[in-house]
Amino acid sequence: MVWTNVPLLLQQLLIALLHLFVSSSVSDFHISSAVVELDDKGVSLNGVQVVKLLQFYAPWCGHCKRLMPTWEQVALTLSNEPITVGKLDCTKHTSVTSELKINGYPTVRMYRYGEKYEYHGERSKEAIVDFALKVIGPEVRPLSDRYELVRVCEKLKKTAFFLLAGEKNVSNPLIEEYYTVAKKLFSKTYFYQILPRHLPSTFPCDETVCIFVVKDGTQFLYNPTIDQNSLEKWIQSSRWPFMQLAKYETLTEMGECCNDKLLVVAVLDLVEKRKLKSPVKQLDDLIRMTWQQYSEQLKGKFQFVWLDGNEIANSILLRTVPVPCLFVFNASSYSYYLPDQDALQMTEEILLQFLQNVVNGFVAMRGGKGRVQHLRRIFYETTTAIYTMFANQPLLACCLFGLPLGIFSVICYTICSTDVSVDSDEIYADSYDSATDSDDHEKEE
Numbered sequence: 005m006v007w008t009n010v011p012l013l014l015q016q017l018l019i020a021l022l023h024l025f026v027s028s029s030v031s032d033f034h035i036s037s038a039v040v041e042l043d044d045k046g047v048s049l050n051g052v053q054v055v056k057l058l059q060f061y062a063p064w065c066g067h068c069k070r071l072m073p074t075w076e077q078v079a080l081t082l083s084n085e086p087i088t089v090g091k092l093d094c095t096k097h098t099s100v101t102s103e104l105k106i107n108g109y110p111t112v113r114m115y116r117y118g119e120k121y122e123y124h125g126e127r128s129k130e131a132i133v134d135f136a137l138k139v140i141g142p143e144v145r146p147l148s149d150r151y152e153l154v155r156v157c158e159k160l161k162k163t164a165f166f167l168l169a170g171e172k173n174v175s176n177p178l179i180e181e182y183y184t185v186a187k188k189l190f191s192k193t194y195f196y197q198i199l200p201r202h203l204p205s206t207f208p209c210d211e212t213v214c215i216f217v218v219k220d221g222t223q224f225l226y227n228p229t230i231d232q233n234s235l236e237k238w239i240q241s242s243r244w245p246f247m248q249l250a251k252y253e254t255l256t257e258m259g260e261c262c263n264d265k266l267l268v269v270a271v272l273d274l275v276e277k278r279k280l281k282s283p284v285k286q287l288d289d290l291i292r293m294t295w296q297q298y299s300e301q302l303k304g305k306f307q308f309v310w311l312d313g314n315e316i317a318n319s320i321l322l323r324t325v326p327v328p329c330l331f332v333f334n335a336s337s338y339s340y341y342l343p344d345q346d347a348l349q350m351t352e353e354i355l356l357q358f359l360q361n362v363v364n365g366f367v368a369m370r371g372g373k374g375r376v377q378h379l380r381r382i383f384y385e386t387t388t389a390i391y392t393m394f395a396n397q398p399l400l401a402c403c404l405f406g407l408p409l410g411i412f413s414v415i416c417y418t419i420c421s422t423d424v425s426v427d428s429d430e431i432y433a434d435s436y437d438s439a440t441d442s443d444d445h446e447k448e449e
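Heads up: the sequence shown begins at 5 in this note's numbering, then just goes up one per residue.
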């Protein structure tokens, strides 16, 4: 009896061991992540050599969920850099959240040797990685020769950077101001330094100290006698290349930095922009040719940007904007200017004349931040949000708006259909009874 049960016992034992092994293996298996999940202790920033790029998020936040895949790509891209890329769940670690004054989700910050650098740019991998590489420094990057400068120009040809041609240790007010501004703005743009004798012939420098902004394949010299702004304001205003792709965050930052410039906004489409004979490509070429011919007249007054799609333009003009189109926008006052004719019918001379008329006050200003405009904006954004909800999630939108509306309708119907009339017998019943009793009493007498 015992011997016949031995194989069955062994079989059950082997099955139990196999189940235990598989379950433990499955529980231990997880997809490795380059992002470090931090807690109250892990987010400590007291270390002298600590460099951390952190995302503060909440699990219920939709923007945080959309940023998570990008955050993983950022961590992988920066895996060879001396940076810890992490994230912190603010709903679990409320004490750290309040201590660091996290007011919105997601919040992206970089901490470098105890200093905090807030990120307000677009939430793409390239933009965040570029921000991190700027912050890790150094604040001013030295260049040893002209060949290194050529490599930097090739590497940063799609953006802008600043170059100081001068001796680092020479006592000069302009050099000192350059390093002071670089210490303040090195998380926003790149700063370089080179000796004047190493400058290529394309960089005109007749002084012992020269400062250039290099962008759009050329370089512009800072001249304190011509540029009335301080060096910091000049750098803030000059750090955007021609035809910068703008997002909501970029427009806000431009409004703060380029308050002395108006934004020439071209509403384009990225896919159509690559087609040679598309209307979008036609408007893009018109703007570029106008800039090439009249840049000297425009560069101190306008900053050219373009939008991928009309979503941002719709929220500015409070109506559906065609693609392509063009308008001038004051990001600080939220006012805008529209041309009299269609952008596709313009020539370089007509576009230049329109921009000059804007500067001279000959074009009507629209929009702004007035009370009426604010109410119009609230109404437009509310109706747009409701329309988008019904277009993308019709069933959910019907439940969200239909259920409360149905309950409210039932309540209103119940109130309106209730019979509130009162029978006269209910009001005069006592008096009628007393009168009847008195009449009966008189008859008896």
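Virtual Cβ for every residue (Gly too), placed ideally from N, Cα, C.
Which whole-angstrom value describes the C-beta separation of residue i and residue j, a residue pair presumed to lie in contact below a C-beta threshold of 8 Å?
i: VAL325; j: ASN334; result: Not quite, the Cβ-Cβ distance comes to about 17 Å (not below 8 Å), so this is no contact.
i: LEU302; j: LEU359; result: 7 Å
i: LYS305; j: LYS265; result: 6 Å
i: LEU255; j: PRO204; result: Actually they are not in contact, since the Cβ atoms of LEU255 and PRO204 sit about 35 Å apart, beyond 8 Å.
i: ARG113; j: TYR123; result: 7 Å
i: HIS67; j: TYR109; result: 7 Å
i: TYR338; j: VAL332; result: Not confirmed; about 13 Å, so no contact.
i: TRP310; j: LEU249; result: 6 Å
i: GLN286; j: LEU356; result: That belief does not hold up - the Cβ atoms of GLN286 and LEU356 are roughly 17 Å apart, past 8 Å.
i: ALA401; j: PHE394; result: 4 Å
i: VAL185; j: ILE239; result: 6 Å
Exposed or buried, what is residue i when buried is set at 16 or more other beta-carbons lying within 10 Å of its beta-carbon?
i: ILE132; result: buried
i: VAL30; result: Model confidence at VAL30 stands at a pLDDT of 37, short of 50, so the residue's coordinates are unreliable; what they give is reported in the following sentence. With fewer than 16 other Cβ atoms within 10 Å, it is exposed.
i: ALA262; result: First, the amino acid is wrong: residue 262 is Cys here, not Ala. Buried: at least 16 other Cβ atoms inside 10 Å.
i: THR111; result: buried
i: MET258; result: buried
i: TYR196; result: buried
i: THR101; result: buried
i: LEU71; result: buried
i: ASP288; result: buried
i: HIS378; result: exposed
i: VAL78; result: buried
i: GLY371; result: buried
i: ASN84; result: exposed
i: VAL54; result: exposed
i: ASP273; result: buried
i: ASN173; result: exposed
i: PHE383; result: exposed
i: LYS56; result: buried
i: ASN107; result: exposed
i: LEU58; result: buried
i: TYR151; result: exposed
i: GLU269; result: Before going further, note that residue 269 is Val rather than Glu in the sequence given. By the 10 Å Cβ count, VAL269 comes out buried.
i: LEU267; result: buried
i: VAL139; result: buried
For residue i, does the three-state DSSP call read helix, strand or coil?
i: MET72; result: helix
i: THR111; result: strand
i: SER339; result: strand
i: LYS138; result: helix
i: THR163; result: coil
i: CYS403; result: helix
i: TRP64; result: coil
i: ASP32; result: Interpretation of ASP32 is limited by its pLDDT of 41, a score under 50 that renders its predicted location unreliable; the figure taken from the coordinates is listed afterwards. Correct three-state label for ASP32: helix.
i: GLY410; result: helix
i: ALA347; result: helix
i: LEU223; result: In the sequence as presented, Leu is not what sits at residue 223; that position holds Gln. GLN223 falls in the strand class under three-state DSSP.
i: GLN301; result: helix
i: ARG375; result: helix
i: PRO146; result: strand
i: THR254; result: helix
i: TRP295; result: helix
i: ASN2; result: Outside the shown range of the chain, which is 5 to 449, sits residue 2, and nothing can be said about it.
i: VAL327; result: coil
i: ASN334; result: strand
With a Cβ-Cβ cutoff of 8 Å, do residue i and residue j count as a contact?
i: VAL271; j: CYS329; result: yes
i: VAL217; j: SER191; result: no
i: LEU467; j: ALA136; result: Nothing about residue 467 can be reported from this structure: the residues present for the chain run from 5 to 449 only.
i: THR193; j: ALA164; result: yes
i: MET350; j: LEU290; result: yes
i: ILE198; j: LEU280; result: no
i: LYS219; j: PRO245; result: yes
i: ASP93; j: PRO73; result: no
i: ILE451; j: VAL213; result: Limits of the chain in this structure are 5 at one end and 449 at the other, which puts residue 451 out of reach.
i: ILE215; j: TYR183; result: no
i: VAL40; j: GLU76; result: no
i: GLY125; j: GLU253; result: yes
The region 196–203 touching the region 162–170, judged by at least three CB pairs closer than 8 Å: yes
Meets three-Cβ-pair contact criterion under 8 Å: the region 139–158 and the region 88–101: no
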